[in-house]
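Peer 1:
Dropping the structure here:
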């Protein structure tokens, strides 16, 4: 059971990420992805600072690997821009498929290049199943898109792969919540300039503040803490594929809470991702970090 703890934490984080779309439905009119992304990061960092302060005192980050911190923070910042901007050019369905589908492939390649160790057969099977599931979940017949429009969501997927690979180096000797707090505060502050170019007044409304708090705490602080904790003992390539639980959760919530249509392709996609998760979680020795 000890060997499964890391992957299960990563899986729990992916499930929590899946509520982001449902929570964003709470946002009032005028909310833009850039402001949502920035306020989400800042709220997450502030919430984690208070939690760490109340439970263990001031966050202890002396000696934090600066190279890893810089890579993860930059990737977190760039992800907010490329993912949400990419949705405007390629559409929500296509942009989501490309971004999420790119992550496990990019993580597997990154691991292979940097460690000279290729993922095992179970990972290939699970990744193919999971990406197939994501495509089925977001399948929209008759949609055409240019390759140029896919560059932004592909970049977003690579950014998330960088986060997954390098976060373990920071959390090995430090409290994962403190690490997430620092990353989110810096990334959020770097997104503040966008507040001057996009509508911000909606944030100070009752509905806007509720949206920011829910997104910051439930879809950022909690899932990223679970993810960073789990990645301590989970191979990056495995963590990336387990993260595909996010679109599965989002689809289930969309059907159950938002009244979205339940097509045969949706059910098939959920089944594919669920089977992929079972292959990874119970496929020894994938629970251990390479």
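Residue numbers (the numbering used here): 214 to 503.
C-beta atoms are modelled at their ideal positions from N, C-alpha and C, and glycine is treated no differently.
1. Does the Cβ of residue 297 have 16 or more other Cβ atoms within 10 Å, making it buried, or fewer, making it exposed?
2. So does the stretch 247-254 actually touch the stretch 406-417, counting three or more Cβ pairs closer than 8 Å?
3. Which residue comes first and which comes last in the alpha helix (DSSP H) that contains residue 252?
4. Helix, strand or coil for residue 411, going by three-state DSSP, please let me know.
5. Do you know whose CA, among 231, 254, 449 and 367, lies nearest residue 310's CA?
6. Residue 396 and residue 286: beta carbons closer than 8 Å?
7. What number of angstroms, rounded off, separates the C-alpha of residue 450 from the C-alpha of residue 267?
8. Taking residue 300 as the reference, which of 437, 448 and 369 has the closest Cα?
9. Once the 5 residues before and after residue 436 are set aside, which same chain residues still bring their CB inside 6 Å of it?
10. How far does the alpha helix (DSSP H) with residue 452 in it reach, from first residue to last?
11. Look at the Cβ atom of residue 441, then the Cβ atom of residue 479, and state whether they are nearer than 8 Å.
12. Select from 461, 292, 256 and 221 the residue whose C-alpha is nearest the C-alpha of residue 549.
13. Quick one: Cα of residue 491 to Cα of residue 418, how far?
14. State yes or no: is the C-beta of residue 463 within less than 8 Å of the C-beta of residue 377?
15. Measure the alpha-carbon distance for residue 474 versus residue 460 and round it to whole angstroms.
Peer 2: Looking at the atomic coordinates:
1. It is buried - the Cβ of residue 297 has at least 16 other Cβ atoms within 10 Å.
2. With the cut-off at 8 Å, the stretch 247-254 and the stretch 406-417 touch.
3. According to the DSSP assignment, residue 252 belongs to the alpha helix (DSSP H) that extends over 246-269.
4. Looking at residue 411 - three-state DSSP - the assignment turns out to be coil, as it is neither helix nor strand.
5. Nearest Cα to residue 310 within the set 231, 254, 449 and 367: 367.
6. Yes; because the gap between Cβ atoms is below 8 Å, this pair is in contact.
7. Cα to Cα, the separation comes out at about 34 Å.
8. That would be 369, whose Cα lies nearest to the Cα of residue 300.
9. Cβ neighbours of residue 436 beyond the five flanking positions: 226, 229 and 230.
10. Per DSSP, residue 452 belongs to the alpha helix (DSSP H) from 449-455.
11. The answer is no: Cβ separation not under 8 Å.
12. With the chain covering only 214 through 503, there is no way to say anything about residue 549.
13. The alpha-carbon atoms of residue 491 and residue 418 are separated by roughly 43 Å.
14. No, Cβ-Cβ distance for residue 463 and residue 377 is not below 8 Å.
15. One alpha carbon belongs to residue 474, the other to residue 460, and they sit about 15 Å apart.
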